[in-house]
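4 protein chains.
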Amino acid sequence: MLLIIANVTAVIATTVDTIYEPYARLFRAFEIFSVAVFTIEYAARVWSAVEADKYSGAIVGRLRFASRPLLIVDLLAIAPFYIAITGIGFDLRFLRALRLIRLFRLLKLARYSTAMRTFGWVLEDRKEKLVIAVFANGLLLVVASSVMYFIESGAQPEEFSSIPATMWWGVAALTTVGYGDMYPVTMPGQFIGAITAILGIGMFALPASILAAGFMEAAENELDERKQCPHCGEPVTVEGLDDVE
Amino acid sequence: MLLIIANVTAVIATTVDTIYEPYARLFRAFEIFSVAVFTIEYAARVWSAVEADKYSGAIVGRLRFASRPLLIVDLLAIAPFYIAITGIGFDLRFLRALRLIRLFRLLKLARYSTAMRTFGWVLEDRKEKLVIAVFANGLLLVVASSVMYFIESGAQPEEFSSIPATMWWGVAALTTVGYGDMYPVTMPGQFIGAITAILGIGMFALPASILAAGFMEAAENELDERKQCPHCGEPVTVEGLDDVE
Amino acid sequence: MLLIIANVTAVIATTVDTIYEPYARLFRAFEIFSVAVFTIEYAARVWSAVEADKYSGAIVGRLRFASRPLLIVDLLAIAPFYIAITGIGFDLRFLRALRLIRLFRLLKLARYSTAMRTFGWVLEDRKEKLVIAVFANGLLLVVASSVMYFIESGAQPEEFSSIPATMWWGVAALTTVGYGDMYPVTMPGQFIGAITAILGIGMFALPASILAAGFMEAAENELDERKQCPHCGEPVTVEGLDDVE
Amino acid sequence: MLLIIANVTAVIATTVDTIYEPYARLFRAFEIFSVAVFTIEYAARVWSAVEADKYSGAIVGRLRFASRPLLIVDLLAIAPFYIAITGIGFDLRFLRALRLIRLFRLLKLARYSTAMRTFGWVLEDRKEKLVIAVFANGLLLVVASSVMYFIESGAQPEEFSSIPATMWWGVAALTTVGYGDMYPVTMPGQFIGAITAILGIGMFALPASILAAGFMEAAENELDERKQCPHCGEPVTVEGLDDVE
Numbered sequence: 001m002l003l004i005i006a007n008v009t010a011v012i013a014t015t016v017d018t019i020y021e022p023y024a025r026l027f028r029a030f031e032i033f034s035v036a037v038f039t040i041e042y043a044a045r046v047w048s049a050v051e052a053d054k055y056s057g058a059i060v061g062r063l064r065f066a067s068r069p070l071l072i073v074d075l076l077a078i079a080p081f082y083i084a085i086t087g088i089g090f091d092l093r094f095l096r097a098l099r100l101i102r103l104f105r106l107l108k109l110a111r112y113s114t115a116m117r118t119f120g121w122v123l124e125d126r127k128e129k130l131v132i133a134v135f136a137n138g139l140l141l142v143v144a145s146s147v148m149y150f151i152e153s154g155a156q157p158e159e160f161s162s163i164p165a166t167m168w169w170g171v172a173a174l175t176t177v178g179y180g181d182m183y184p185v186t187m188p189g190q191f192i193g194a195i196t197a198i199l200g201i202g203m204f205a206l207p208a209s210i211l212a213a214g215f216m217e218a219a220e221n222e223l224d225e226r227k228q229c230p231h232c233g234e235p236v237t238v239e240g241l242d243d244v245e
Numbered sequence: 001m002l003l004i005i006a007n008v009t010a011v012i013a014t015t016v017d018t019i020y021e022p023y024a025r026l027f028r029a030f031e032i033f034s035v036a037v038f039t040i041e042y043a044a045r046v047w048s049a050v051e052a053d054k055y056s057g058a059i060v061g062r063l064r065f066a067s068r069p070l071l072i073v074d075l076l077a078i079a080p081f082y083i084a085i086t087g088i089g090f091d092l093r094f095l096r097a098l099r100l101i102r103l104f105r106l107l108k109l110a111r112y113s114t115a116m117r118t119f120g121w122v123l124e125d126r127k128e129k130l131v132i133a134v135f136a137n138g139l140l141l142v143v144a145s146s147v148m149y150f151i152e153s154g155a156q157p158e159e160f161s162s163i164p165a166t167m168w169w170g171v172a173a174l175t176t177v178g179y180g181d182m183y184p185v186t187m188p189g190q191f192i193g194a195i196t197a198i199l200g201i202g203m204f205a206l207p208a209s210i211l212a213a214g215f216m217e218a219a220e221n222e223l224d225e226r227k228q229c230p231h232c233g234e235p236v237t238v239e240g241l242d243d244v245e
Numbered sequence: 001m002l003l004i005i006a007n008v009t010a011v012i013a014t015t016v017d018t019i020y021e022p023y024a025r026l027f028r029a030f031e032i033f034s035v036a037v038f039t040i041e042y043a044a045r046v047w048s049a050v051e052a053d054k055y056s057g058a059i060v061g062r063l064r065f066a067s068r069p070l071l072i073v074d075l076l077a078i079a080p081f082y083i084a085i086t087g088i089g090f091d092l093r094f095l096r097a098l099r100l101i102r103l104f105r106l107l108k109l110a111r112y113s114t115a116m117r118t119f120g121w122v123l124e125d126r127k128e129k130l131v132i133a134v135f136a137n138g139l140l141l142v143v144a145s146s147v148m149y150f151i152e153s154g155a156q157p158e159e160f161s162s163i164p165a166t167m168w169w170g171v172a173a174l175t176t177v178g179y180g181d182m183y184p185v186t187m188p189g190q191f192i193g194a195i196t197a198i199l200g201i202g203m204f205a206l207p208a209s210i211l212a213a214g215f216m217e218a219a220e221n222e223l224d225e226r227k228q229c230p231h232c233g234e235p236v237t238v239e240g241l242d243d244v245e
Numbered sequence: 001m002l003l004i005i006a007n008v009t010a011v012i013a014t015t016v017d018t019i020y021e022p023y024a025r026l027f028r029a030f031e032i033f034s035v036a037v038f039t040i041e042y043a044a045r046v047w048s049a050v051e052a053d054k055y056s057g058a059i060v061g062r063l064r065f066a067s068r069p070l071l072i073v074d075l076l077a078i079a080p081f082y083i084a085i086t087g088i089g090f091d092l093r094f095l096r097a098l099r100l101i102r103l104f105r106l107l108k109l110a111r112y113s114t115a116m117r118t119f120g121w122v123l124e125d126r127k128e129k130l131v132i133a134v135f136a137n138g139l140l141l142v143v144a145s146s147v148m149y150f151i152e153s154g155a156q157p158e159e160f161s162s163i164p165a166t167m168w169w170g171v172a173a174l175t176t177v178g179y180g181d182m183y184p185v186t187m188p189g190q191f192i193g194a195i196t197a198i199l200g201i202g203m204f205a206l207p208a209s210i211l212a213a214g215f216m217e218a219a220e221n222e223l224d225e226r227k228q229c230p231h232c233g234e235p236v237t238v239e240g241l242d243d244v245e
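From first to last, the protein sequence lines stand for chains A, B, C and D. With full-length UniProt numbering, letter number 35 in the first sequence gets 35, and the count goes up by one each step, no holes. With full-length UniProt numbering, letter number 140 in the second sequence gets 140, and the count goes up by one each step, no holes. With full-length UniProt numbering, letter number 60 in the third sequence gets 60, and the count goes up by one each step, no holes. With full-length UniProt numbering, letter number 67 in the fourth sequence gets 67, and the count goes up by one each step, no holes.
Right under this line is the structure:
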């Protein structure tokens with residue numbers, strides 16, 4: 001885990017010229033070292049996969065094992081290095097994107113985190129409501145941006161040049177970020193902008209509320225399981241979680 | 001449903017010149033095709049309305065059916081096309097607004113969504129509290145903007161030119177959007193601005209909290225109904241929902 | 001109530017020159033009319049006060065009645081008009097502030113609203129927690145602004161000229177308004193700014209959460225009162241609310 | 001307590017030139033007075049420490065007592081004054097930082113506040129979830145800033161000069177502060193920026209929600225303890241809190 005975090009820190013530090021240039025050799029050495037460690041780890045995992053019954057067969061079993069999501073992440077974390085060595089013909093832009101992929105190493109952390117499962121479980125449990133909330137927000141964004149485009153494009157044809165361009169304003173207004181690079185200047189535009197910002201607070205906070213409600217209910221379920229019926233002294237169960245006879 | 005989403009995407013894409021111009025003919029063809037489909041759907045609905053007892057009478061029944069909200073949305077979705085064909089004398093601005101109305105097609109989606117009823121139900125259930133919260137926020141907006149106008153109009157007569165103009169600042173401050181086009185520069189103005197922003201977080205988040213509380217209570221009610229004493233086998237009931245003898 | 005809202009609208013409209021100037025006479029007439037109505041209402045209230053036993057005594061009772069908060073608001077709503085007529089020597093700035101006081105008429109609405117009592121009750125119930133949250137936020141504001149002043153005043157002596165001036169930035173950062181008129185440019189300043197913004201979300205949202213929790217508990221209490229003990233079939237009460245024997 | 005608040009106010013006022021210069025002598029006198037009070041208080045505390053059995057030994061016991069966190073805060077609150085007097089060779093910048101340390105006196109307030117313990121208790125109780133939320137937010141910040149850097153550094157090499165520099169944008173976007181000094185201008189950059197802002201609302205609000213949930217549960221526990229069956233007179237207990245037979 002520490003190696004992963006050190007790696008990500010290195011990728012970030014690499015982009016700062018004043019830090020990178022004096023220590024370029026050091027960064028390169030660390031990169032080679034960590035790729036070596038990750039490669040050995042990856043090779044060991046794939047090699048030992050055949051010992052499990054599920055992945056029998058010297059080559060087929062290993063390939064099937066290697067196609068699991070977490071293994072692909074592992075491969076993506078080391079692949080850029082090998083491509084960068086072999087691929088002489090690639091242009092600079094592509095190499096930079098490759099370096100970005102090294103950040104996938106951060107996702108390897110997920111392998112170690114068991115507590116994130118609770119988050120995943122809440123996401124799963126509230127999926128339906130979240131989809132509705134996201135859909136409603138998308139609808140709001142499209143409608144607000146379209147209305148704003150038709151109102152403001154006359155006064156500011158440069159900024160509000162099309163509906164997709166206006167959507168950048170729409171997201172900034174609905175999420176209340178408000179960068180200040182685009183804003184309505186006409187009276188009706190400001191009126192629509194005000195309505196949009198007010199709706200944004202209510203609507204864009206909903207997914208966060210739904211998640212929060214999920215976490216709270218999970219905590220409450222734990223409490224409920226400890227509740228007792230005052231008469232029989234036996235715990236009051238919630239059907240479906242543990243069914244008594 | 002897919003046709004509706006494709007239509008809205010097309011309306012949005014039409015406003016981007018670089019996308020629209022090379023494919024103008026394609027967009028026109030797609031527009032004619034979808035209006036044709038929607039027209040047939042609309043005609044079929046109105047035609048078959050008389051088969052229900054509620055809307056008897058060849059013409060009167062159909063007209064009464066056509067005046068229902070969803071049917072009017074359906075009509076609004078196709079009307080702009082026919083008006084644009086016939087109306088030669090309209091100016092460009094009006095035609096653009098008509099194109100906007102085509103976005104009403106998005107509202108046709110509501111016809112298919114059953115999950116949105118939960119949202120509507122929560123809105124209905126919390127109506128009274130929401131009205132109070134909205135009223136309190138309106139009061140806060142009027143008072144904050146008025147005070148700010150009287151303080152800042154001296155230092156920045158251009159920006160804070162009137163109370164309605166200052167309200168644009170008020171909404172940006174209370175919703176914490178903060179575009180940065182208007183902000184107080186005097187010491188008392190900044191003091192009022194600070195108070196406004198702090199109140200804004202507490203007050204403008206209330207409607208969102210009320211909605212969130214509504215959703216959570218709805219989820220909790222569902223759980224309560226499933227609660228049971230395992231010994232006696234009788235539910236721990238909530239009076240009014242199911243009454244035990 | 002309608003008269004009050006019409007009055008406030010008139011005060012707001014008066015500040016817009018393009019609306020005010022053509023109809024100056026109309027606004028003046030409406031002002032005289034509403035002051036007349038409010039004066040009669042105020043006089044009637046004070047006059048009839050002696051009929052209640054609490055306020056006996058022709059003059060003393062009426063004066064005691066007139067010193068109640070709501071009656072003072074009533075007086076403040078009409079006083080500016082009479083002062084403006086008599087006071088010839090006042091300067092323009094003072095007259096403008098007087099006009100602002102007319103907005104106090106909006107507070108007269110509180111007299112009619114019964115639903116706002118719930119809000120007041122929740123405020124009362126959570127007073128202690130709210131005070132702590134507000135105190136903690138004040139502490140955070142002072143500390144964040146002071147640290148930022150000592151870091152940034154070197155790089156931007158104009159903007160971050162003193163701790164109180166930096167507090168304007170602090171409020172904008174903690175409330176996430178972010179006008180963009182003041183922001184750190186040095187690396188340590190941006191680091192502190194980032195920490196401040198992140199803490200701001202957690203801390204400044206607390207009062208809103210506390211209020212929201214209060215509203216939810218109020219709704220839950222209502223539900224609890226309807227809960228039953230499964231054995232005896234009698235309601236499960238919450239001690240202190242209604243004590244049985 | 002009043003002295004502490006007066007002190008902090010004085011430190012803040014000192015930074016405002018227009019307030020400080022005319023009253024420089026007064027500020028200096030107040031500073032000497034409060035340092036004297038705090039020094040006496042500190043000396044008395046350390047002196048009387050040996051009376052407790054825990055800190056026996058004339059010098060060793062007092063030193064061990066003096067190394068407790070609250071005592072160190074007390075020392076830090078007065079130390080700058082003595083260093084400023086003796087240290088003639090220090091430069092101005094260092095002296096200013098020393099004055100900042102005087103703000104530590106504010107932390108002395110924590111000694112008196114008992115209500116803050118509830119906050120500390122909730123923090124302790126939710127520690128695990130908070131750590132996960134903070135970790136997830138850190139991950140989101142790193143990923144969003146890295147992606148944005150690789151997309152926008154081509155179009156705006158000045159602003160988006162490195163990943164750490166882009167993180168300043170990342171924090172402003174995720175916390176929805178949005179100063180407006182850095183924002184994406186390319187289409188893909190704006191798309192990533194929109195996604196970031198939307199995720200920011202959901203993710204950065206989580207710690208606040210977790211804290212809020214903690215406060216609410218604490219309040220609910222209090223209520224549950226008071227719940228009672230009116231017939232049997234026995235409490236509807238929550239196991240683990242009070243166990244019935």
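Backbone N, C-alpha and C define an ideal beta-carbon position, used for all residues, glycine too.
What does residue i reach in chain B if we use C-beta pairs closer than 9 Å?
{"i": "Pro207(C)", "result": "Ile198, Ile201, Gly202"}
Look at the alpha carbon of residue i and the alpha carbon of residue j, and state the distance between them as a whole number of angstroms.
{"i": "Arg45(B)", "j": "Val37(B)", "result": "12 Å"}
{"i": "residue 296(A)", "j": "Ile59(A)", "result": "Here chain A covers residues 1 to 245 and nothing more, so residue 296(A) does not appear."}
{"i": "Trp169(D)", "j": "Leu26(C)", "result": "52 Å"}
{"i": "Ala24(D)", "j": "Thr39(C)", "result": "53 Å"}
{"i": "Val11(D)", "j": "Gly120(D)", "result": "28 Å"}
{"i": "Pro184(D)", "j": "Val8(C)", "result": "42 Å"}
{"i": "Gly138(C)", "j": "Val134(A)", "result": "35 Å"}
{"i": "Val131(A)", "j": "Leu123(A)", "result": "10 Å"}
{"i": "Phe33(B)", "j": "Ile72(B)", "result": "21 Å"}
{"i": "Ala66(D)", "j": "Tyr42(D)", "result": "9 Å"}
Going along chain D, which residues have a C-beta under 7 Å from residue i?
{"i": "Gly170(B)", "result": "The premise fails here: Gly170(B) is roughly 18 Å from chain D at the closest Cβ pair, so nothing lies under 7 Å."}
Using CA atoms only, rank isn't needed, just tell me which of the options is closest to residue i.
{"i": "Ile195(D)", "options": "Leu76(A), Leu71(A), Phe204(A), Val11(A)", "result": "Phe204(A)"}
{"i": "Asp125(B)", "options": "Asn137(B), Met187(B), Ala212(B)", "result": "Ala212(B)"}
{"i": "Ile210(B)", "options": "Val185(B), Gly61(B), Glu128(B)", "result": "Glu128(B)"}
{"i": "Ala165(B)", "options": "Leu174(B), Ser153(B), Thr175(B)", "result": "Ser153(B)"}
{"i": "Pro157(C)", "options": "Arg64(D), Pro207(D), Thr15(D)", "result": "Thr15(D)"}
Three-state secondary structure (DSSP) at residue i?
{"i": "Met182(D)", "result": "coil"}
{"i": "Thr166(A)", "result": "helix"}
{"i": "Ile59(A)", "result": "coil"}
{"i": "Gly89(D)", "result": "For Gly89(D), the pLDDT reaches just 49, beneath the cut-off of 50, and the residue's location in the model is therefore unreliable, leaving the point undetermined."}
{"i": "Glu159(D)", "result": "coil"}
{"i": "Ala194(B)", "result": "helix"}
{"i": "Thr237(A)", "result": "A caution first: Thr237(A) carries a pLDDT of 44, below 50, which makes its placement in the model too unreliable to give a value."}
For a contact meaning CB atoms closer than 7 Å, what does residue i contact in chain A?
{"i": "Gln190(D)", "result": "Trp168"}
Using a Cβ cut-off of 7 Å, pull out every chain C residue sitting near residue i, in sequence order please.
{"i": "Pro164(B)", "result": "Ile12, Val16"}
{"i": "Thr176(B)", "result": "Thr175, Thr176, Val177"}
Can you name the residues of chain D whose CB is closer than 8 Å to the CB of residue i?
{"i": "Tyr183(C)", "result": "Tyr179, Asp181"}
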